[in-house]
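Working notes, beginning with the structure itself.
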Amino acid sequence: MTFDRSTGRLLVMPAAVITVVFFVAPLVYFLRFAFERPSRTAFSEPVFTVENFTRLFTSPFHVGALTRTVVVAAAATALALLLALPVAYLITKASPRRKALLIILTVFPLLVGNVVRSIGWVALLGYSGVVNTVLTAVGILDTPVELLRTATTVTVAITSVVLPLMVLTLQASLEAVDPNTERAALDLGARPLRVFRQVVLPQIVPGIAAGTSLVFVLCINAYATPRLVGGAQVPMLAPVVYDTISSDNNWPFGACMAAVMLVVSLAVVALYGTLLRRQFEGWRMAR
Amino acid sequence: MTLPRWLTAVGVLVFGFMLLPVALVVWMSVFDSEFLMFPPPGYSLRWFTGLSRERGLFGGLQLSFVLAVSTAVLSTALGLLAALGLSRARLRWRGLLENGLLLPLLIPAIVSGVAIYIYLYQLSWALQVRLVPTLGALLLAHTTITLPWTFRLVHAGLAGLGTDVERASLDLGRGPWQTLWRVTLPLLRPSLVGAFVFAFIFSFAELEISLFLISPGQITLPVAMVQYAEFRVDPTLAAVSTVQILLVGTLLAVSNRFIRFGQVLSGGVKG
Amino acid sequence: MTALTIDDVSKSFGSTPVLDGIRVDVEAGELVSLLGPSGCGKTTTLNVVAGFLPADSGRVLLAGTDVTTVPPYRRDTAVVFQNYALFPHLRVRDNVAYGLRARKLPAAEVAERVQAALELMDIAELADRYPGQLSGGQQQRVAVARAVAVRPRVLLMDEPLSNLDAKLRQEIRLELRALQQRLGQAVLFVTHDQQEALSISDRIAVLNAGRVEQVGSPAEVFERPRTVFVADFMGVENIFAGEVADGRFRTDDGLELPAPSGGPVGHVGIRPTAVRLSPPEEGAPQDAARRNATVTGRVYLGDSVRYHLQLEPTGTAVVAEQPRGAGTSWQPGDAVTVGFAAEDLLGLQDAPAA
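Residue numbers (the working numbering), protein chains in the order written: chain A, 1 to 287; chain B, 288 to 558; chain C, 559 to 912.
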């Protein structure tokens, strides 16, 4: 069945209009504020300036938050990749029934949302949380210690939060690997770990790139986990942006930080895309 | 091929790492104590029955439910129309439209939240109508960010159907609209259910965009939970979290046969 | 010297038995086919030999050494997969070198043997391509080159020709056979195509439901099938159940035929091409049995014509095939005489003697 062009246009119109008016337009519009001066009496003083960016990159607090955010995101992404690889491989090799179950177990925490899981991490690591209780009970600790409010715990918690997406992306990529190529390598004399490194890993590089860039962007923009697990002691970008706009009412500076986050995120995605295309032009045709 | 045992062990540990926080929250929700203490002095369901007294959290639960249902209806409807238009009509700029509808997936939610807030605030001034904070603004924002998912799901469903059955129906004498109503839509039901469930869950758990669009009397559940959790984490918070967990779990279980969640979610951002 | 011995191997998946006491030998320099329909266990057998699947019982020996519990990477076998399973991220050269490098051979020897294998398969000019840039036939050559480069004790081929179009398949079949004979390579060749097995093999093992029904040279298996299954698989379409009594074979629906030579049998078979048709009440002098019959159907096949017939008075259905232009052309409804020569009657058993 085909609709004629005018009907087709009519059908697409509502979705397109909503996306343009309430998503694309705001994105373009808000960038303006990043280049205007904060004002006490209005949203901004409408003059073109790069003061916000100068301030952002000279303020130790903000530079610290930016660096911390990037480092935590990179560490969490690397950790997630390391943990997701074996799990994704296990899921790929599981029998159909077990595979369905394992995928549900992966999707479930993802859909439950990062707020609930961050709350779980607070309960786990807080002063009266599970870890402290257990450690004091068995005598390893005399008194509970502060486990929350450190960049390390924020990294661990964020890793746990983004892990399901990494697993699902890698698993989808692993499913496309012909198991006979693994058999062929084994049969030609390569040991299992060597087969994984030389035959499986190279074939899922696109999936790894997709997973890591996706997860990195999510980490950079994480709000709930740094807020709840890190708090004010571990300032990271997303909460700082929120506070700047909500509490300080400094729209231009908030917009400036949001713009920086946007650029970092898009740059990572674009960079990965380009690298991939160059590296795997040759054999990607095989798919 | 048999897998080495250590691999299975690693798998169990990693699943624990992913699921432990969720399990812990469910466990905490039945503690018979005001505060968190391990092990709990006893178990009780009183935090669930007492939820309605927690004005912030309970209000959030109600608002988020209404918002998620409305978002799911609107987003699925728009996604269906757009998918029909793009897969069954020869439109110019088709690639641009398809990718454009997926754009919100690429933009970090916190950035979108800031942008939409600033934009609507300015628009309110220009139009002399209050746009933020309103329920309408929340609904529109949630709709735009769930639209990529509903569109993608229905679009994939339509592609999977192919046009042969529709041609058969046209050939047997049904007009295009009759064919749509009697053939296409019934066959598309799994995708539509999937899209609805997806939009509902995403809207229900959405935090970052809502952050900027809520107001004191109108707070969504995730925002209310974050605000509460900054103050304290206790069995009440765990109880309301458990309600969310159960809701998502039920929807997931019910709709799992309609939709391959794993496939849809993998590589969420089109690389 | 026996390159490969499959000794009484059994295998079940859950409660489903897939292999039931498989015994096959491959001598050095010999090409043995495992022939059977899908689900007969031939690919499972190959997977057990390669070490991808553990056998539940029985042994696998390579050149006399028991390798039943040896992992695949320490077995001296090489598989050519049905889908070739080339490494998509490696150039042809590196695909072929893979097994040699895994065996930690010196670089110079690797290069030399890769070059030799590429030249052997006539694909030297493709060495720097990726598999995705090759045609199906070229990929097939790379797969063979990769496997023979390691000079395995036994080469395992899993339907290696089934993804090629018919013409190419025939060409490559001949080429593979010539190559195998030149190298003196022992090969276990899995196929479901009886033509392919007949044309390429030194010996054929016909598998059915996880059991070896018959092993023999192509001529033996084709001309003297011993069981109902093998006969049916080899194109013996007319098979009658019955018993031998008083030197005659009496079918269950009352047809009397000369008793076939050999021991007691439960079935008699005859190929459609061995069924002779002649005008009513006539018949060839060498016919050991004659029956009146009615033509019920006629199918034109180009080189030959097939007739579906009903024998009188029993109504037994028989298929006959005559070369085009030979004898009379019959039409449905015609009455004819059907004749069988005694030497064309094949005595068949229900199942192989245990």
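No residue lacks a Cβ here, since even glycine has one placed at the ideal position from N, Cα and C.
The structure presented is a predicted model; accordingly, all values stated were derived computationally and were not measured.
When Cβ pairs closer than 8 Å are counted between the two stretches, the region 590 to 600 of chain C is seen to touch the region 742 to 754 of chain C, the count reaching three or more. At least 8 Å separates the beta-carbon of I208/A from that of S265/A. Counting only runs of at least 4 residues, the region 583 to 625 of chain C fully encloses the following alpha helix (DSSP H) elements, listed from N- to C-terminal order: 600 to 608. Rounded to whole angstroms, the gap between the alpha carbons of S247/A and T169/A is 38 Å. Between L306/B and chain A, the shortest Cβ-Cβ separation is below 8 Å.
Taken in chain order, the complete alpha helix (DSSP H) segments of 4 residues or longer contained in the region 104 to 147 of chain A are 114 to 125 and 130 to 137. For S59/A, no chain B residue has a C-beta closer than 7 Å to its own C-beta; the minimum C-beta separation is roughly 19 Å.
In the three-state DSSP reduction, Y642/C falls in the coil class, being neither helix nor strand. In the assembly as shown, P822/C is an exposed residue. Its beta-carbon has fewer than 16 other beta-carbons within 10 Å. With a cutoff of 8 Å on beta-carbon distance, V441/B and E453/B are scored as not near each other. Taken in chain order, the whole beta strand (DSSP E) runs of length 3 or more contained in the region 436 to 483 of chain B number zero.
Within the region 333 to 363 of chain B, no residue has a Cβ lying closer than 7 Å to any Cβ of chain A.
Across the region 178 to 189 of chain A, CB contacts with chain C closer than 8 Å involve D178, N180, T181, R183, A184, A185, L186, D187, L188 and G189, in sequence order along the chain. With distances taken between CA atoms, V72/A lies nearest to V215/A out of Y89/A, V215/A and F35/A.
Contact residues of the region 76 to 92 of chain A toward chain B are L83, A84, P86, V87, Y89, L90 and I91 (C-beta to C-beta distance below 9 Å).
According to DSSP, residue pairing for E677/C in a beta bridge does not occur. Within the DSSP bridge table, the entry for E814/C names R808/C as partners. Here the alpha carbon of G805/C sits roughly 19 Å from the alpha carbon of R849/C.
When the beta-carbon positions are compared, I158/A and T106/A stay at least 8 Å from each other. About 20 Å separates the CB atoms of L620/C and G599/C; that is not less than 8 Å, and the two are not in contact. From the beta-carbon of A643/C, the residues of chain A found nearer than 8 Å are D178, N180, T181, R183 and A184.
Under the DSSP assignment, R761/C falls in the beta strand (DSSP E) whose first and last residues are R761 to N766.
One alpha carbon belongs to Y127/A, the other to I140/A, and they sit about 15 Å apart. Under the three-state reduction of DSSP output, M324/B falls in the coil class, being neither helix nor strand. Here N249/A is exposed. Its C-beta has fewer than 16 other C-beta atoms within 10 Å. The region 529 to 547 of chain B makes no contact with the region 149 to 156 of chain A: fewer than 3 CB pairs, one atom from each, lie closer than 8 Å. Not a single CB atom of chain A sits nearer than 8 Å to the CB of P816/C.
Under the rule that a run must span 4 or more residues, the alpha helix (DSSP H) segments found entirely inside the region 21 to 49 of chain A read 25 to 34. The shortest CA-to-CA distance from R381/B to any of V162/A, G8/A, T58/A and V20/A is the one to G8/A. In chain order, G129, L148, L228 and V229 place their CB closer than 8 Å to the CB of V122/A, counting only its own chain and leaving out the 5 sequence neighbours on each side. According to the DSSP secondary-structure assignment, R856/C is paired through a beta bridge with Y865/C.
A distance below 8 Å between beta-carbons, with the five flanking residues on each side excluded, links L323/B to the following residues of its chain, in chain order: M315, V520, D521 and P522. When W334/B, T358/B, R476/B and V309/B are compared, the shortest CA-CA separation from D319/B is found for W334/B.
For the set Q233/A, P239/A, V234/A and L271/A, the Cα lying nearest the Cα of V513/B is the one of P239/A. P206, G207, A209, A210, G211, S213, L214, V217, L218, I220, N221, A222, Y223, A224, R227, L228 and G231: these are the residues of the region 204 to 235 of chain A whose beta carbon lies less than 9 Å from some beta carbon of chain B, given in chain order. K569/C is bridged by DSSP to L577/C.
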